[in-house]
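Residue numbers (the UniProt record's numbering): 1 to 281.
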């Protein structure tokens with residue numbers, strides 16, 4: 001399985017995950033929902049590590065990278081949830097979806113070779129996702145000031161790019177299951193400290209718990225796919241293609257929730273998938 005396929009699988013998981021967020025975001029706090037998602041993902045990854053049997057110790061450099069990735073992943077999650085809570089989607093989604101540019105830039109900094117045509121494909125994916133997201137919400141709803149929302153969205157994009165870069169670097173020295181587990185455990189611990197310091201409840205409520213657990217499994221599979229690409233050629237393409245989760249969320253909303261899709265959105269889908277198709281060559 002190559003990096004592109006892993007990225008597409010991650011995008012599918014995150015697309016369904018974000019669709020599910022629509023059902024819980026209005027009734028469950030950011031901290032409680034994130035904690036449930038992270039903990040259920042930890043349970044899944046503990047099972048995967050247990051199935052492996054004997055686990056090799058994680059080298060110091062890889063462990064530090066994995067812990068740092070966990071902190072960045074929590075930053076990305078909190079900022080993204082908070083940004084979407086403020087809205088609108090048409091402002092938040094394109095900014096968060098811009099993280100592949102950072103991912104490819106980091107890959108170049110680490111010595112990877114990326115041709116101008118590959119850059120065009122990355123830009124095409126970003127433009128396609130932006131067009132779909134920008135047309136996904138047309139209403140007269142009043143939203144909070146855009147400035148803080150933009151800052152939160154940028155921080156989320158930086159957090160995702162850093163998570164994938166650090167996580168993929170760590171998998172060059174250890175297996176992806178152990179590294180992904182460390183990332184999630186770090187995020188759970190840090191979020192628990194935040195909840196304790198802010199005296200926020202981490203219990204989402206019984207009605208929302210089953211859906212949040214499913215979301216946690218989807219999120220765990222997605223992050224595992226992107227991190228697992230670290231040992232493959234062109235690992236950065238996994239994080240690039242995973243960014244189409246926003247596009248898939250809109251398409252799934254059209255298919256499942258019967259939300260309207262205008263012609264410009266379908267054009268955005270074609271542009272994004274054309275970029276993905278070129279990366280697959």
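Backbone N, C-alpha and C define an ideal beta-carbon position, used for all residues, glycine too.
Residues in its own chain within less than 6 Å of residue 66 by CB, not counting five upstream and five downstream?
170, 179, 182 and 183
Can you check which of these residues, 251, 6 and 146, is closest to residue 84 by C-alpha distance?
146
Short Cβ contact (7 Å threshold) for residue 4 with residue 160
At a Cβ-Cβ threshold of 7 Å, residue 4 and residue 160 do not count as neighbours.
Taking just the CA atoms, how far does residue 46 sit from residue 174?
16 Å
Do you know offhand how far residue 187's Cα is from residue 38's?
7 Å
If I follow the unbroken alpha helix (DSSP H) through residue 143, where does it start and stop?
Residue 143 -> no alpha helix (DSSP H), and no H or E assigned at all.
Applying the criterion that 16 or more other CB atoms from any shown protein chain within 10 Å of the CB defines a buried residue, is residue 176 buried or exposed?
buried
For residue 342 and residue 211, what's the separation of their Cα atoms in angstroms?
With the chain covering 1 to 281 only, the question about residue 342 has no answer from this structure.
Quick one: using the 10 Å Cβ neighbour count with 16 as the cut-off for buried, is residue 282 buried or exposed?
With the chain represented from 1 up to 281, any question about residue 282 goes unanswered, as that position is not in the structure.
Could you give the DSSP three-state label for residue 27: helix, strand or coil?
coil
Is the beta carbon of residue 62 sitting closer than 7 Å to the one on residue 166?
No, the Cβ-Cβ distance between residue 62 and residue 166 is not below 7 Å.
Hey, could you find the ends of the alpha helix (DSSP H) residue 98 is sitting in?
Run containing residue 98: none; DSSP gives neither H nor E here.
For residue 74, which residues of its own chain have a beta-carbon under 7 Å away from its beta-carbon, when the five flanking residues on both sides are left out?
187, 190 and 191
Consider the C-beta atom of residue 252 and the heavy atoms of the ligand HEM; say whether any pair is separated by less than 6 Å.
Although the ligand HEM was asked about, the structure shown includes no ligands whatsoever.
Mapping the DSSP letters down to three states, classify residue 202 as helix, strand or coil.
Coil.
For residue 18, count neighbouring C-beta atoms within 10 Å of its own C-beta (all shown protein chains included) and say buried if the count is 16 or more, exposed if not.
buried
Outcome for residue 88 when other beta-carbon atoms lying within 10 angstroms are tallied against a minimum of 16:
Counting Cβ neighbours within 10 Å, residue 88 comes out buried, since at least 16 surround it.
In the DSSP assignment, find the unbroken alpha helix (DSSP H) run with residue 217 in it and report its ends.
209-228
Output the boundary residues of the alpha helix (DSSP H) element that contains residue 244.
Neither: residue 244 is in no alpha helix (DSSP H) and is coded neither H nor E.
Under 7 Å Cβ to Cβ from residue 95, same chain only, skipping five residues before and after it: list those, please.
Contacts found: 150, 153, 154 and 157.
Skipping 5 residues on each side, what residues in its chain have a beta carbon closer than 7 Å to that of residue 2?
232
4-residue-minimum alpha helix (DSSP H) runs that sit fully inside the UniProt domain "EamA" (3-132), ordered along the chain:
Qualifying alpha helix (DSSP H) stretches, in chain order: 3-24, 30-52, 60-86, 89-96 and 99-109.
Using a Cβ-Cβ cutoff of less than 6 Å, which residues in the same chain neighbour residue 213 once the five nearest sequence positions on both sides are dropped?
40
Tell me the rounded alpha-carbon separation between residue 33 and residue 263.
Taking the straight line joining both Cα atoms gives about 34 Å.
Please tell me whether residue 125 and residue 275 are closer than 7 Å, where the distance is taken between their beta carbons.
yes
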